[in-house]
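Residue numbering for the sequence shown follows the working numbering, beginning at 461 and increasing consecutively.
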Amino acid sequence: MIDGLVAGRLYGETGQRTDKAGKTFTLAKVRASTADGELLFVNVIAFDAAVGAAMRALQDGDSVALSGSLSPRVWTDKQGNARPALDMVAHRVIVLPGVEEGGRD
Numbered sequence: 461m462i463d464g465l466v467a468g469r470l471y472g473e474t475g476q477r478t479d480k481a482g483k484t485f486t487l488a489k490v491r492a493s494t495a496d497g498e499l500l501f502v503n504v505i506a507f508d509a510a511v512g513a514a515m516r517a518l519q520d521g522d523s524v525a526l527s528g529s530l531s532p533r534v535w536t537d538k539q540g541n542a543r544p545a546l547d548m549v550a551h552r553v554i555v556l557p558g559v560e561e562g563g564r565d
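Given below as structure tokens:
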């Protein structure tokens, strides 16, 4: 695992789920740009309740920065091209200007 910081825009809506043991977690997808301008999707999961609540307060297209453990991977698009992606276990959400924890301004 790699500890890292990812900044981008929330892609779609966040979701909250419950595992078999009854613990809740939050899922989200963030679209970030690479240095060469390509889009990179980051699949985010948060087990911490406060981090999950902050993520769920965001809406599609909101700017967000997350820190946590990253795992790189590759997926194949419909044209058969290999694309990079990241999986992140979020440990912290950095609230950006214009978005407050618990809801929008």
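For each residue, glycine too, the CB sits at the ideal point set by N, CA and C.
- [ ] Leaving out five residues on either side along the sequence, give the residues of the same chain with a beta carbon under 8 angstroms from the beta carbon of I462.
- [x] Here residue 462 refers to the residue found at position 2 when the sequence shown is read from its first residue. Hits under 8 angstroms: S529, L530, S531, P532.
TODO: Put M638 into one of helix, strand or coil per three-state DSSP.
DONE: Lying before the first or after the last residue shown, residue 638 is absent from the chain, which here runs from 461 to 565.
Open item on the list: Looking at A550: is its Cβ nearer than 7 angstroms to the Cβ of A492?
Closed with: Working through the sequence shown from its first residue, we reach residue 550 at position 90. Working through the sequence shown from its first residue, we reach residue 492 at position 32. No; because the gap between Cβ atoms is not below 7 angstroms, this pair is not in contact.
Open item on the list: Considering only the alpha carbon of each residue, which of G482, R516, A510 lies closest to A488?
Closed with: The sequence position of residue 488 within the sequence shown is 28, counting from 1. The shortest Cα separation from A488 among G482, R516, A510 belongs to R516.
Open item on the list: Please tell me whether I554 and A525 are closer than 7 angstroms, where the distance is taken between their beta carbons.
Closed with: By 1-based counting over the sequence shown, the position of residue 554 is 94. By 1-based counting over the sequence shown, the position of residue 525 is 65. In contact: I554 and A525 (Cβ atoms closer than 7 angstroms).
Open item on the list: Let's see if you can read the secondary structure: which residues bound the alpha helix (DSSP H) around G512?
Closed with: Position 52 of the sequence shown holds residue 512. Where G512 is concerned, the enclosing alpha helix (DSSP H) stretches over 509-516.
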